[in-house]
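Colleague: Quick one: structure below, then a few questions.
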Amino acid sequence: MHTAHRRCGPHGLALARAALALVALAPALALAQPATGGGAAASAATGNGPVAEVLILDYKFTPPVLTVRAGTTVRWLNQEKRTTHSVQFTHPPAPEGERMFPGESWLRRFDTPGRYEYTCGPHPEMKGRIDVTP
Ligand SMILES: [Cu+2]
């Protein structure tokens with residue numbers, strides 16, 4: 013599974029890293045399809061589909077329940093100052109996403125309608141849900 017996981021850097025780089033996130037995360041947008049090598053623009057990787065965002069701050073996913081149309085890519089952004097988080101789908105289950113350091117994000121595209129419940133790997137008390145409508 014590809015993510016844009018990157019190692020810790022100085023906080024001063026957070027903005028620059030965020031600015032680069034869409035480009036750097038392009039491979040992660042291809043989660044639902046086989047990777048075919050680099051060079052794809054983010055817009056191509058998402059199929060120009062919509063992108064919705066879940067923020068992570070104070071050990072909470074915001075919004076805790078997000079409803080999106082099928083074909084939407086959800087981007088989780090860790091806005092903590094020093095805490096890492098991950099996205100771990102429990103229903104239906106999926107491997108834990110790579111840990112996000114502050115300022116980093118993780119993407120998953122949802123093509124199939126349904127209810128997707130998730131938690132955070134290191135903090136199972138954190139709960140979230142993505143409802144995907146047709
Ligand atoms: Cu967490």
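13 is the number of the first residue of the sequence shown in our numbering; add one for each residue after it.
Where a beta carbon is used, it is the ideal one built from N, C-alpha and C, also for glycine.
Remember, predicted model here, so these are calculated numbers, not experimental data.
#1: Between the Cα of alanine 106 and those of Leu78, Pro136, Tyr130, Asp70, spot the shortest distance and give me the residue it belongs to.
#2: Since I believe glutamine 100 is in contact with glutamine 126 (beta carbons under 8 Å), could you give me their beta-carbon distance rounded to a whole number of angstroms?
#3: Check the C-beta distance from valine 66 over to threonine 74 and give it rounded, since I have them as a contact under 8 Å.
#4: Note down, in chain order, each residue of its chain lying with its Cβ closer than 6 Å to the Cβ of valine 77, except the 5 sequence neighbours on either side.
#5: Hey, could you find the ends of the beta strand (DSSP E) phenylalanine 101 is sitting in?
Modeller: Judging by the given coordinates:
#1: Tyr130
#2: Strictly speaking, residue 126 in this sequence is glycine, with glutamine absent from that position. About 17 Å separates the two Cβ atoms, so there is no contact after all.
#3: 7 Å
#4: Arg141
#5: 100-103
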